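Asker: Under our numbering, the first residue of the sequence shown carries the number 19, and numbering increases by one thereafter.
Beta carbons: idealized from backbone N, C-alpha and C, even for Gly.
Note that the coordinates shown come from a computational prediction; the quantities given were computed from them, not determined experimentally.
Below you will find the structure I want to go over with you.
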Amino acid sequence: MRENLYLIGFMGSGKSTVARELQTAHGMKLVEMDEQIAEDAGMSIPDIFATRGEAAFREMETELLREIGRGANTVISCGGGVAMRPENVELMKKSGKIVLLTAKPETVLARVKNDESRPLLKGRKTTEGISELMEQRRPAYEAASDFSVPVDGRSAAEIAEEILRRL
Ligand code: S3P
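Quick look at the structure:
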């Protein structure tokens, strides 16, 4: 059985789209972390942040990773903050490979500008605002990943194929 494949990276870097491509074109099982957490909690991500707070959300992410780590041959579209917690990185490393998707702030902005589902982007929907948070996160993303793949101007199919080739 193949190991799990964890896709990490900034919000709007295409983790969900590439994960779906790996599911449909390459037969992997899929876990979309945000969706799974919202389903388990019975409320949306913005509602979890608003009523239970970010710390509770981060606990839910770690709990879900523990569960995912018991399976295999699954592609996991991780929330953008997952790789910021060393405990999460350990859990992922133990059960699979970690691939970082990188995107330019302009690419992210174009994708998230009309989106209200990401509490951390509130008041940050400018190239500078995105760039600032991206730079804060970059070292942790890079340290966590086995390798990274740039997404700008490329299709999900191309990106998925590059990932599988390099695994
Ligand atoms: C977050 C990213 C989001 C979601 C939550 C927090 C982050 O996931 O988990 O809003 O801290 O970067 P996506 O990367 O799928 O948007």
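Using the C-alpha atoms, what's the distance from P168 back to E124?
Answerer: Computed Cα separation, rounded: 13 Å.
Asker: Tell me which residues share the same chain as R129 and place their Cβ nearer than 7 Å to its Cβ, disregarding the 5 neighbours each side in the sequence.
Answerer: Counting only Cβ-Cβ distances below 7 Å, and skipping sequence neighbours, we find G30.
Asker: So the beta strand (DSSP E) N106 belongs to, where does it begin and stop?
Answerer: Note, N106: premise wrong, no beta strand (DSSP E); alpha helix (DSSP H) at P104 to S113.
Asker: Throw me the rounded Cβ distance for the L26 and A101 pair, which I believe falls under 8 Å.
Answerer: Per the sequence shown, the amino acid found at residue 26 is Ile instead of Leu. Rounded, the Cβ-Cβ distance is 4 Å, consistent with contact.
Asker: Among all the DSSP beta bridges, which residues are the ones paired with G27?
Answerer: L119, per the DSSP bridge assignment.
Asker: Please tell me whether, using a cut-off of 6 Å, the distance from the CB of M110 to the nearest non-hydrogen atom of the ligand S3P is below it.
Answerer: No, the ligand S3P has no heavy atom inside 6 Å of this Cβ.
Asker: Using a 10 Å radius around the Cβ and a threshold of 16 neighbouring Cβ atoms, would you call T120 buried or exposed?
Answerer: Its Cβ being crowded by 16 or more others within 10 Å, T120 is buried.
Asker: Cβ-heavy atom distance between M152 and the ligand S3P below 6 Å?
Answerer: No.
Asker: Measuring only the C-alpha atoms, how far is R103 from K122?
Answerer: Spanning the two alpha carbons is a distance of roughly 23 Å.
Asker: Starting from the C-beta of Y24, find all residues in its chain whose C-beta is less than 6 Å away, skip the five residues before and the five after it, and write them out in chain order.
Answerer: Excluding positions up to five away in sequence, the list reads I94, C96, M110, G114 and I116.
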